[in-house]
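Notes for the one structure printed next.
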Amino acid sequence: MADLLLSPLHDRHVALGAKFGEFGGWSMPLEYTAGVVKEHTAVREAVGIFDVSHLGKALVSGPGAAAYVNATLSGDLRRIGPGKAQYTLCLDDATGGIVDDLIAYYRDDEHVFLIPNAANTAEVVRRLAASAPTGVEVANQHGDYVVLAVQGPHADEVLARVGLPTGHDYMSFVDAPFRGADVVVCRTGYTGERGYELVAPNAVGLALWDALLAAGEGLGMLPCGLGARDTLRTEMGYPLHGQDISPTINPLEGGVGWAVGWKKDAFWGRDALAPIKESGPSRVLRGIVAVGRGIPRPHMTASLAPDVPVGEVTSGTFSPTLRKGIGLVLISAKVNPEAEIGIDVRGRREIFQLTPPPFVPSHVRES
Numbered sequence: 166m167a168d169l170l171l172s173p174l175h176d177r178h179v180a181l182g183a184k185f186g187e188f189g190g191w192s193m194p195l196e197y198t199a200g201v202v203k204e205h206t207a208v209r210e211a212v213g214i215f216d217v218s219h220l221g222k223a224l225v226s227g228p229g230a231a232a233y234v235n236a237t238l239s240g241d242l243r244r245i246g247p248g249k250a251q252y253t254l255c256l257d258d259a260t261g262g263i264v265d266d267l268i269a270y271y272r273d274d275e276h277v278f279l280i281p282n283a284a285n286t287a288e289v290v291r292r293l294a295a296s297a298p299t300g301v302e303v304a305n306q307h308g309d310y311v312v313l314a315v316q317g318p319h320a321d322e323v324l325a326r327v328g329l330p331t332g333h334d335y336m337s338f339v340d341a342p343f344r345g346a347d348v349v350v351c352r353t354g355y356t357g358e359r360g361y362e363l364v365a366p367n368a369v370g371l372a373l374w375d376a377l378l379a380a381g382e383g384l385g386m387l388p389c390g391l392g393a394r395d396t397l398r399t400e401m402g403y404p405l406h407g408q409d410i411s412p413t414i415n416p417l418e419g420g421v422g423w424a425v426g427w428k429k430d431a432f433w434g435r436d437a438l439a440p441i442k443e444s445g446p447s448r449v450l451r452g453i454v455a456v457g458r459g460i461p462r463p464h465m466t467a468s469l470a471p472d473v474p475v476g477e478v479t480s481g482t483f484s485p486t487l488r489k490g491i492g493l494v495l496i497s498a499k500v501n502p503e504a505e506i507g508i509d510v511r512g513r514r515e516i517f518q519l520t521p522p523p524f525v526p527s528h529v530r531e532s
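Just so we're aligned: the sequence shown equals residues 166 to 532 in our numbering.
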């Protein structure tokens, strides 16, 4: 993994005994010495901290920047306003496929900060820059910031102990001083628990990580890797780009049609999606929960009968909370959404119940 990018916090992860893996061109912690299940449980019951600095960062700025973002990405910024964040999609204009899903931080009409997925940052920036009007600049700031996620029931206590603000509304953000720098504190996350994502300049990244870990002492905090991040997001049914959604899967198929601002005059992919919206998609992303002991994995075949394939698993894992297999499957829209289906698990046909996610209660919006 010599050619992979490293987080500014890499040495801290090494010191904590992290096991690393490749993710979006980065070497990132998969788990620490506690292991995935204990890290997962810490987030559900106490608090966990993730380094997600591999996520992209880009700034769209200049006169009309927000209007330009609103005319290209799927979400409708008019529904939120400055100081709010929004889950949105960069769609292919010709096909309506999902180039990336990302978070847009609406600062003001001339500044929109974007957090794309690691592997897709350059492509999102390229597309936005290629059609930007005169005066609007699109800057790739991928290497300028660390991104930390503090997630779990005690997240507010941890942030308060280091002097960062808490208690603002879900999907809102504020700027706060830390060691002479401004840190963006956004009330959001990818775990389904109450929590925050912090965007900080690299210069204070190490100090912020150390301060948050120290503040978590006595609260059950654990450093958490991408393994726990995956089991946590799967329990919520949150899609992962490259697996559950992709350029070959559109928002109506991928269960994220709610992130499309249909009332807007324009966004990339609108003309391609309109007839699909009218007729309905031929396949849809649905949740599955094991009836028995089977654990689904990506690319396993789903069937109504042994010789009647109807779809494919896109994400699958063992749920530490439910103690059984769960996942997401891209399946024919004709299949009854309450049906039991079979999944070919290493040559055995295991039965799964189609179940709308989240598979465990979500606390992300709790006050």
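Ideal placement from N, C-alpha and C gives every residue a C-beta, glycine not left out.
Note that the coordinates shown come from a computational prediction; the quantities given were computed from them, not determined experimentally.
Query: Below 8 Å between beta carbons: does that hold for A376 and V327?; Result: yes
Query: The alpha helix (DSSP H) spanning G492 covers which residue range?; Result: That residue, G492, is in no alpha helix (DSSP H); its beta strand (DSSP E) goes 489-497.
Query: Buried or exposed for I516, going by 16 or more other Cβ atoms inside 10 Å?; Result: exposed
Query: Would you kindly check if the distance between the Cβ of G452 and the Cβ of L495 is under 8 Å?; Result: no
Query: For D241, I'd like the list of residues in its chain whose CB is within less than 6 Å of its CB, leaving aside the five on either flank, ordered along the chain.; Result: G426, K429
Query: Are at least three pairs of beta-carbons, each pair with one atom in the segment 401-414 and one in the segment 211-225, less than 8 Å apart?; Result: no
Query: Between which two residues does the beta strand (DSSP E) harbouring R448 extend?; Result: 448-455
Query: Based on DSSP bridge pairs, tell me the residues matched to R458.; Result: Per DSSP, none; premise fails for R458.
Query: Can you name the start and end residues of the beta strand (DSSP E) that E322 belongs to?; Result: It is not in any beta strand (DSSP E) - E322 instead sits in the alpha helix (DSSP H) that spans 320-326.
Query: Check whether the segment 430-446 touches the segment 479-487, counting contact only when three or more Cβ pairs, one atom from each stretch, lie closer than 8 Å.; Result: no
Query: I need the straight-line Cα distance from V338 to A283, nearest angstrom please.; Result: Here the sequence assigns Phe to residue 338, which means Val is not the residue at that position. Spanning the two alpha carbons is a distance of roughly 21 Å.
Query: At the level of alpha carbons, what is the spacing between L469 and T482?; Result: 21 Å
Query: So for S532, helix, strand or coil by DSSP?; Result: coil
Query: What is the rounded straight-line gap between the Cα of T396 and the Cα of H205?; Result: 7 Å
Query: Identify, in the order they occur along the chain, each residue of the same chain with its Cβ nearer than 7 Å to the Cβ of I245, setting aside the five sequence neighbours on each side.; Result: Q251, Y271
Query: Consult DSSP for D375 and reduce its assignment to one of helix, strand or coil.; Result: helix
Query: If V301 and A230 are in contact, beta carbons under 8 Å, what's the gap, nearest whole angstrom?; Result: 5 Å
Query: Pick helix, strand or coil for W191, following the three-state DSSP scheme.; Result: strand
Query: Work out the CA separation of E443 and P412 for me, nearest whole Å.; Result: 20 Å
Query: Quick one, which of G445, L391, A236 has its alpha-carbon nearest S296's?; Result: A236
Query: Return the first residue and the last residue of the alpha helix (DSSP H) that R394 is part of.; Result: 391-401
Query: Is the separation between the beta-carbon of R177 and that of W423 shorter than 8 Å?; Result: no
Query: If you drop the 5 nearest sequence neighbours on each side, which residues of the same chain put their C-beta closer than 8 Å to that of M465?; Result: E477, V478, G481, I508, D509, V510
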